[in-house]
Amino acid sequence: MPSPGNRRALRLLAHPRILLAVKAALAAALAWWIAPHVPGTAADYPYYAPLGAVVSMYPTVKASLTQGIQTLAGLVLGIGLAAVVVALGNPTVLTVALVIGVGVLLGGLPLLGAGRDWVPMAGLFVLLIGGSDSEDYSWGYAVQMLVGIVVGVVINFTVVPPLYSGDARDRLQRLHSELADRADDLAGVFRADWPLDGDEFESRIESLPVTLARVRAAVDYGDESQRWNPRRRRRIDLSDDRDRLRIAERIAFHLRDAAEVTGELARRGADPDRRVESPGSAVTDPLATLYAALADAIRAHDDRTRPISRAEAALDDAWSALDAGTNPSPRRVAEEASVALSASRILVALAR
1 MPSPGNRRAL RLLAHPRILL AVKAALAAAL AWWIAPHVPG TAADYPYYAP
51 LGAVVSMYPT VKASLTQGIQ TLAGLVLGIG LAAVVVALGN PTVLTVALVI
101 GVGVLLGGLP LLGAGRDWVP MAGLFVLLIG GSDSEDYSWG YAVQMLVGIV
151 VGVVINFTVV PPLYSGDARD RLQRLHSELA DRADDLAGVF RADWPLDGDE
201 FESRIESLPV TLARVRAAVD YGDESQRWNP RRRRRIDLSD DRDRLRIAER
251 IAFHLRDAAE VTGELARRGA DPDRRVESPG SAVTDPLATL YAALADAIRA
301 HDDRTRPISR AEAALDDAWS ALDAGTNPSP RRVAEEASVA LSASRILVAL
351 AR
């Protein structure tokens, strides 16, 4: 059994950024060791090998291979551009401008991806550093970068290639818990004394799009981390997670809509023409019960039958209360109906 100190070290190394740094350092060192043994004139340019290792080091195996290939493509394109310009004579202000301008234009090719910045950079290096020895320099530059990229991809493939599918599911779980908490916030507003002074519950709900974007990125990242990864015994199907994410996005949209209307209702002033009903009325109680039931249904997203049934019954009660209401204000009736309608749309999303 590992000692406490060893366990702490293992946990530290398991951190994605630290693991990536260790692998990048290992790849750069190995590439530097290999570089002088490359045959031919390429051995005269060993410093490009560790650079290639670093530029190919990404958190996932797929990204390392894809970005490495794109970098090489941009590099070769830039070297070819410089070869044409070198044929015009020694570097001048005009040829430097030509290499950079055309290189930036070529970098806009859609398939280049991460290699787009290497087109003008490689062209400039060959033009200014290669000089009269541009052919040998170009060969050494390309070969040593290839050596480094291959080393980087191999290290990333063999040394603890990370899997992030578990992190995606954890984030989804926390997202559903947060959505349920926000539904509880709305239920609490309908139980509170009105008019409300603050808008804390609205601020919390308005932050949901940021959380959703992070979870969406985590799901995409988790899917990418499985590709070409030797650690996966079988590929985890994240389609269910994507379905859950789409459901969460719909729920968040309707919660934000309900929060905006509820905030207007709950903060309305003491003007007799705009006076709100007291909490505990025939309408606010059913709406509070409805959103509390929705919170339970959202939390139980993996086994939703009973919570959804309770929420559907609460929705029926809320509609009945609205139908039987005696509030003379058409605006107030429309706002209350809007809150109930948002709840019904959340139920539709949960039932899918």
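Numbering (this note's numbering), first residue to last: 1 to 352. Every residue, glycine too, gets a C-beta built ideally from N, C-alpha and C. Remember, predicted model here, so these are calculated numbers, not experimental data.
- DSSP places Met57 in the coil class of the three-state scheme, outside both helix and strand.
- At the C-beta level, Arg310 and Asp296 come within 8 Å of one another.
- DSSP places Trp194 outside both helix and strand once states are collapsed to three, so it counts as coil.
- Considering only Leu30, Pro59 and Leu196, the residue with the shortest C-alpha distance to Tyr48 is Leu30.
- For Pro286, the enclosing alpha helix (DSSP H) stretches over residues Thr284 to Arg299.
- Secondary structure note for Asn156: its alpha helix (DSSP H) is the uninterrupted segment Ser134 to Thr158.
- Judged by DSSP secondary structure, Ala43 falls outside any alpha helix (DSSP H); it is assigned neither H nor E.
- In the three-state reduction of the DSSP assignment, Arg242 falls in the helix class, which pools H, G and I.
- With fewer than 16 other Cβ atoms from the protein chains shown falling within 10 Å of its own Cβ, Asn90 counts as exposed.
- Close CB contacts of Gly325 within its chain, under the 6 Å cut and outside five residues either way in sequence, are with Val283 (chain order).
- Setting aside the 5 residues that flank it on each side, Ala314 is surrounded in the same chain by Thr289, Leu290 and Ala293, each with a C-beta closer than 6 Å to its C-beta; the list follows chain order.
- Around Lys23, the same chain offers Met57, Ile155, Asn156 and Val159 as residues with beta carbons nearer than 7 Å, after the five sequence neighbours per side are excluded.
- Of the other Cβ atoms in all chains shown, fewer than 16 fall within 10 Å of the Cβ of Ser132; this residue is therefore exposed.
- Distance from the CA atom of Trp319 to the CA atom of Ala340, rounded to whole angstroms, is 7 Å.
- Scanning its chain for C-beta atoms nearer than 6 Å, with the 5 sequence neighbours on each side dropped, one finds around Gly123 the residues Gly78, Leu81, Ala82, Val99 and Gly103, in chain order.
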